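In order, the protein sequences belong to chains A and B. Quick note: to get our numbering, add 203 to the position in the first sequence (first position is 1). Quick note: to get our numbering, add 203 to the position in the second sequence (first position is 1).
2 protein chains.
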Amino acid sequence: ARPRVGYFYTGKTGKQLFADKMKKMKVEDYQSIPVVVNENVSVYDAIVTMFLEDVGTLFVVDDESLLAGVLSRKDLLRASLGKQELTAIPVNIIMTRMPNIAVCYKDDPLIDVAEQLIEKQIDAMPVVRKTEKGYEVIGRITKTNITKAFVSLAKED
Amino acid sequence: ARPRVGYFYTGKTGKQLFADKMKKMKVEDYQSIPVVVNENVSVYDAIVTMFLEDVGTLFVVDDESLLAGVLSRKDLLRASLGKQELTAIPVNIIMTRMPNIAVCYKDDPLIDVAEQLIEKQIDAMPVVRKTEKGYEVIGRITKTNITKAFVSLAKED
C-alpha cells in the first residue's frame, strides 16, 4: 500500500512534474466571458463598449451570432487617428476577419493558447464551439488570464 | 554521497517545488526594453511612438530622464475620443503620474510583479533604479513577458 505521508515519490523530475501539471490546466478553467458586438455597429460604439465593459479585445459576430472578426484596442486606436467620423464607420471595415483569426476550444491546454498568443503577437483569443455554420463564441482568453494562471501556479494547494 | 541518477528526492512536494522555482524567476531575466517619451510631447506623437515601437505602454520622463508618468493604450484611446486636437495636448495632461505609479526592481521575483499587475489591473510596470532625485526607468514588464515566462516554465530543461 502507498504510504500516507502527504506526498510520494513518482520517479519524475521537477521538469516533468511542471510539464504534466501545466498540461492539465485547461482553457475552460481560466477563460473570461466574451464581449461581442455586431459587425454593423460603428467604430465609435465599439470603443464605447470596450470602455464600458473594460476589455482590451472585442469579438465581432454576424446576424447569426457567429464569429466574424476581432477588434483590438490597437485596431480602434489606429482608426481613431483617421480623419473619418467614427460614428460613420462600421467595425467590419477595420476588424481582423475570418479566416485570419486564431481560435481555441474549452478543452485545449492553456499552455498551447499562451504559446499562440506569443507567436501570433495578439492579446486575446476567442474560445469557440464549432457548428455547421461557423464558430459560436463562448469565451475569451487573454494575457490577463494567463498572468492569473501564472500566479495561481505559485499559490495553489 | 548523492546517487548520480539525474534527479534526487528532496522530500518536497510538487507544490513546494513549484513555489521555489517560481520565486527564483527574477524581473531582470524576463523584462523588455522600456519605451519612453518626454512629458512635453503631444498625445498625437505618443500614439505614433506607440505604433512605431509596437508597445502597449509608454513611460513618460521629465527633462532629467526621471519617471514622471505612464501612458497606456487605453489612456490614449480615451484621449483620442475627445474633441481636442491631439497634436495640441501634451501627454502630461492625460498620463497616470507619480506617486500613483506601481514600479518594480530588477531583483524582484517575477511572480510578485504578476500579482501586482492583476491586483492593480494594469498591463505593464516600469522596472526602475532608485536615485536621490527619483526613478530611472531601466526596463518594462508586461503581461506579454509574464505569458512568455509561463510558456518557458513548461519547456525549460
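Yeah, the Cβ is synthetic: ideal placement off N, Cα and C, and Gly gets one too. None of these values were measured; they are calculated from a predicted model.
Taking a Cβ-Cβ threshold of 9 angstroms, none of the residues of chain A is close to ILE325 (chain B); the smallest such distance is about 10 angstroms.
For PHE353 (chain B), the nearest CB of chain A lies under 9 angstroms from its own CB, placing it at the interface with that chain. If one requires a minimum length of 4 residues, the alpha helix (DSSP H) runs lying completely within the stretch 224–294 of chain B are 246–256, 276–284, in chain order. Residue pairing for GLY337 (chain B): DSSP places it in no beta bridge. Residue-level contact check: ALA317 (chain B) touches chain A, since one or more beta carbons of chain A fall below 9 angstroms from its beta carbon. LEU280 (chain A) has its alpha-carbon roughly 14 angstroms from the corresponding atom of SER245 (chain A).
The beta-carbon distance between VAL263 (chain B) and VAL240 (chain B), rounded to whole angstroms, is 6 angstroms. This is short enough to meet the 8 angstroms contact definition. Straight-line measurement puts the Cα of VAL258 (chain A) at about 18 angstroms from the Cα of ALA317 (chain A). For GLN324 (chain A), no alpha helix (DSSP H) segment is defined, and its DSSP state is neither H nor E.
The Cβ of ARG276 (chain A) sits closer than 9 angstroms to at least one Cβ of chain B. Put simply, the CB of LEU284 (chain B) is near chain A, with a gap under 9 angstroms to one of its CB atoms. In this structure, the beta-carbon distance from VAL331 (chain A) to LEU261 (chain A) does not fall below 9 angstroms. Residue-level contact check: PHE262 (chain B) does not touch chain A, since none of the beta carbons of chain A fall below 9 angstroms from its beta carbon.
For a Cβ distance threshold of 7 angstroms, nothing in chain A lies close to LEU255 (chain B): the least Cβ distance comes to about 12 angstroms. Using a Cβ-Cβ cut-off of 9 angstroms, ILE321 (chain A) counts as an interface residue toward chain B, since at least one Cβ of chain B sits closer than that to its own. The way I'd put it, the stretch 285–302 of chain B doesn't touch the stretch 293–307 of chain A; fewer than three beta-carbon pairs between them come closer than 8 angstroms.
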